[in-house]
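Student: Before we start, here is the structure in question, set down as structure tokens.
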Amino acid sequence: MTELWLSYHQASRGHQQPTSQLVELDTKAQRLHDLEDVLEYVFQHGFLDHKLRPLSWWEKGDGEKVKNSICVDELLRQGVGRCQQTAMRLVIADVPSALWMSYQYTVAVGTPTVTQRIKLETLHSVQCGVRPKMAHVTNFIFDKGFLASHLRPRVHWEGVSGKDIDEHIDLFELLTSGEGVCEERPLRLVIDNAFRHDHRRHR
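Start counting at 1 in the sequence shown, then tack on 39, and there's your number in our numbering.
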């Protein structure tokens, strides 16, 4: 065969159906010998942004990671990539798989600051293929009972620098900017006494 099926699995698309593509391996312009050649083809043609190259890798349909140096003909002999159902998975970790956040109480003296990791795949919005906002994270925290419901009007988000973060802010944009990507840089969910209808700090 002179064709390989691949599918794009971008973390930012959540559980949306991955897009498949048929790549011609032998053309007048070039011959694609291994998976590294296929990757170069994908990025050279602008199918993915070049900045995502360090965040991309190959997997078989069962999730087994595959080296870029493997010969495409060998994969095809194994039955991999011969049709859309057996397509090679090009995994693109364009956003982190989890959010790190901390609970910060301003009224409970002596209460320690606790850090928590929230896997994005557990958010209902991500499961539905919707780009999550901070409001979805807040809803998740209260839906799971991590905070008592009567505290809902008394919370607001802050970034690493202490800047207020509105509930409508896109979570992926925050993660891409480096906010909440690790335990050392968590977003802060501040719980205090000030009742705020828009969940923003009044100054």
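Yeah, the Cβ is synthetic: ideal placement off N, Cα and C, and Gly gets one too.
(1) How many angstroms separate the CA atom of K158 from the CA atom of D65?
(2) Which residue marks the beginning of the alpha helix (DSSP H) containing L74, and which one marks its end?
(3) A126: buried (16+ other C-beta within 10 angstroms of its C-beta) or exposed?
(4) Please determine, among K104, L43 and S51, the residue with the shortest C-alpha to C-alpha distance to Q166.
(5) Just how far apart, CA to CA, sit C150 and E212?
(6) Do T215 and V119 have their CB atoms nearer than 9 Å?
(7) Taking a contact to mean a Cβ-Cβ separation below 9 Å, would you say E42 touches L61 in this structure?
(8) Under 9 Å between the Cβ atoms of H48 and L129?
(9) Taking 9 Å as the CB-CB cut-off, is H89 touching chain D?
(10) From the DSSP output, in three-state form, read off H207 for me.
(11) Once the 5 residues before and after E222 are set aside, which same chain residues still bring their CB inside 6 Å of it?
(12) Roughly how many whole angstroms lie between the Cα atoms of H163 and H175?
Tutor: Let me spell this out:
(1) 41 Å
(2) L74 to Q83
(3) buried
(4) S51
(5) This sequence places Thr at residue 150; Cys is not what is there. Their backbone Cα atoms lie some 31 Å apart in a straight line.
(6) no
(7) yes
(8) yes
(9) Chain labels in this structure do not include chain D; a single protein chain is all it has.
(10) coil
(11) W139 and T154
(12) 8 Å
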